[in-house]
Amino acid sequence: MGRRRARWCGPRIFTAGRALVCTGGHGHEGGDTLECDGADGFRRGVRAQIKAGADLIRS
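Under our numbering, the first residue of the sequence shown is numbered 256, with each subsequent residue one higher.
This is the structure we're talking about:
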């Protein structure tokens, strides 16, 4: 069978999960941020966001 094509036009939506911030950094009090410290912490944060389905990473 051939590949099915979508029958509608519209923008593609890219999702960015929670923003990664340093502990106590800009925006840390928001509910849409993930506090990370150091390279290992940010690496874990990025992996967690990708696992959650994020298309891109905000920092």
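Don't be surprised by glycine CBs; every beta carbon is placed ideally from N, CA and C.
### Query
alpha helix (DSSP H) containing residue 307: first to last residue?
Taken as a continuous stretch (DSSP letters only), residue 307 belongs to no alpha helix (DSSP H), as it is neither H nor E.
### Query
Candidates 311, 271 and 294: which alpha carbon is nearest residue 287's?
271
### Query
How would you call residue 300, buried or exposed, if buried means at least 16 neighbouring beta carbons within 10 angstroms?
buried
### Query
Exposed or buried, residue 264, counting other C-beta atoms within 10 Å across all chains shown (16 or more means buried)?
exposed
### Query
From residue 280 to residue 313, what distance separates their C-alpha atoms?
14 Å
### Task
Spell out the partners DSSP gives residue 288 in its beta bridges.
274
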